[in-house]
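Numbering (the UniProt record's numbering), first residue to last: 1 to 292.
Cβ coordinates follow ideal geometry from the N, Cα and C atoms, glycine included.
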């Protein structure tokens, strides 16, 4: 009978520990994913900004030497990520492929212009910088027109600011929820041992002596949960990096490692603090209050 009761208690204890570890792992895993999003938010926004193209249209009278000099100066400029010269013949081929028919059969000649497509670095994709670059290009007498989607640039920059704010706000809320969830799981685990705590206290054990094994047990569970969360984060990060290679999510391994260390540290700190206060609560209760 006694053996059966002990086995039942042992199963309950293992189940309690398992639920604590699972809660910690899931919460830290989601918190870690949010951390990865925060770390890579600028990289993702920069990637989309750098898809914006500024097109410089050249007059038919432009000499090859002038075009080459312009290409060279653009390539060496601080704001340029890449440039591509598109001849009027290439532009006609692009339009033919896109529309499925040759417009020159109707027009009789090629009305398109030679152009240079410029992809800018993300920091320079603003209305002010684009206008400055366009004005500088238009000062050259062989440049006919400079085109870019100003409305798209303004919309993109506004959305990046809004998204950045909400990501940080949600990160703060989620961190608070993570602490509360882990705290609740730890308190439930300590609650099952409340009579043991009170018995030890009644035989003269100090609060620190009683608290120590509970704290160390919870810290070990927190470390295990954090370790499982980090494994999950590493798997997700590996597949995301493999799927979206252009984002180069692993280009800064130091920051990724720092995030993993932070998640592991959070697992320890949150469980330590939660267990400290949970055991303190039951240490301060009177014996008749343990039944409520």
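Taking C-alpha atoms, which residue in 184, 96, 38 lies nearest to residue 112? Of the listed residues, the one whose Cα sits closest to residue 112 is 96.
Quick one: does the C-beta of residue 203 sit closer than 7 Å to a heavy atom of the ligand PLP? This structure simply doesn't include the ligand PLP, nor any ligand for that matter.
For the beta strand (DSSP E) that residue 145 lies in, which residues bound it at each end? In the DSSP assignment, residue 145 falls within the unbroken beta strand (DSSP E) covering 143–147.
Residue nearest to residue 66 in terms of C-alpha spacing, selected from 80, 33, 116: Residue 116 is the option with its Cα nearest to residue 66.
Using DSSP with H/G/I as helix, E/B as strand and the rest coil, what is residue 82? Residue 82: strand per DSSP, three-state reduction.
Kindly indicate which residue of 186, 78, 260, 249 has the alpha-carbon position closest to the one of residue 218. Closest in alpha carbon position to residue 218, among 186, 78, 260, 249, is 186.
Taking the beta strand (DSSP E) that residue 119 falls in, what are its first and last residues? In the DSSP annotation of this structure, the continuous segment of the beta strand (DSSP E) that includes residue 119 starts and ends at 115–120.
Residue 112 - DSSP class collapsed to helix/strand/coil: The answer is coil: DSSP assigns residue 112 none of H, G, I, E or B.
In the DSSP assignment, find the beta strand (DSSP E) that holds residue 53 and state where it starts and stops. Per DSSP, residue 53 belongs to the beta strand (DSSP E) from 53–58.
Thinking residue 295 and residue 230 are a contact (beta carbons under 8 Å), I'd like their distance in whole angstroms, please. In the structure displayed, the chain extends from 1 to 292; residue 295 sits before or after that span and is not available.
Between residue 214 and residue 279, what straight-line distance do the alpha-carbon atoms span, to the nearest angstrom? Straight-line Cα distance between these residues: approximately 8 Å.
Label residue 221 either buried or exposed according to how many other C-beta atoms from any shown protein chain fall within 10 Å of its C-beta, with 16 as the threshold for buried. Taking a 10 Å sphere around the C-beta of residue 221, we find 16 or more other C-beta atoms and assign the residue as buried.
Cβ-based neighbour list, residue 163, same chain, cut-off 8 Å, excluding 5 preceding and 5 following: Excluding residues within five positions, the ones whose Cβ falls inside 8 Å are 41, 45.
Contact check, residue 197 vs residue 210 under 8 Å by CB: the rounded distance? Between residue 197 and residue 210, the beta carbon gap of about 6 Å places them in contact (Cβ cut-off 8 Å).
Under a Cβ-count criterion, where at least 16 other Cβ atoms within 10 Å of its own Cβ denotes burial, should residue 74 be classed as buried or exposed? Under the 10 Å beta carbon count, residue 74 is surrounded by 16 or more other beta carbons and is classified as buried.
Close-in-space but distant-in-sequence residues of the same chain around residue 173 (CB under 7 Å, 5 per side omitted): Here residue 173 has no same chain residue with a Cβ atom under 7 Å from its own Cβ, once five neighbours each way along the sequence are excluded.
May I ask you to verify whether the stretch 81–96 touches the stretch 22–32, counting CB pairs closer than 8 Å and requiring at least 3? Judged by Cβ distances under 8 Å, the stretch 81–96 makes no contact with the stretch 22–32, as fewer than three pairs qualify.
Our contact map puts residue 58 next to residue 114 with C-beta atoms below 8 Å; I'd like the distance itself, whole angstroms only. Your pair residue 58 and residue 114 checks out as a contact, with CB atoms roughly 5 Å apart and the cut at 8 Å.
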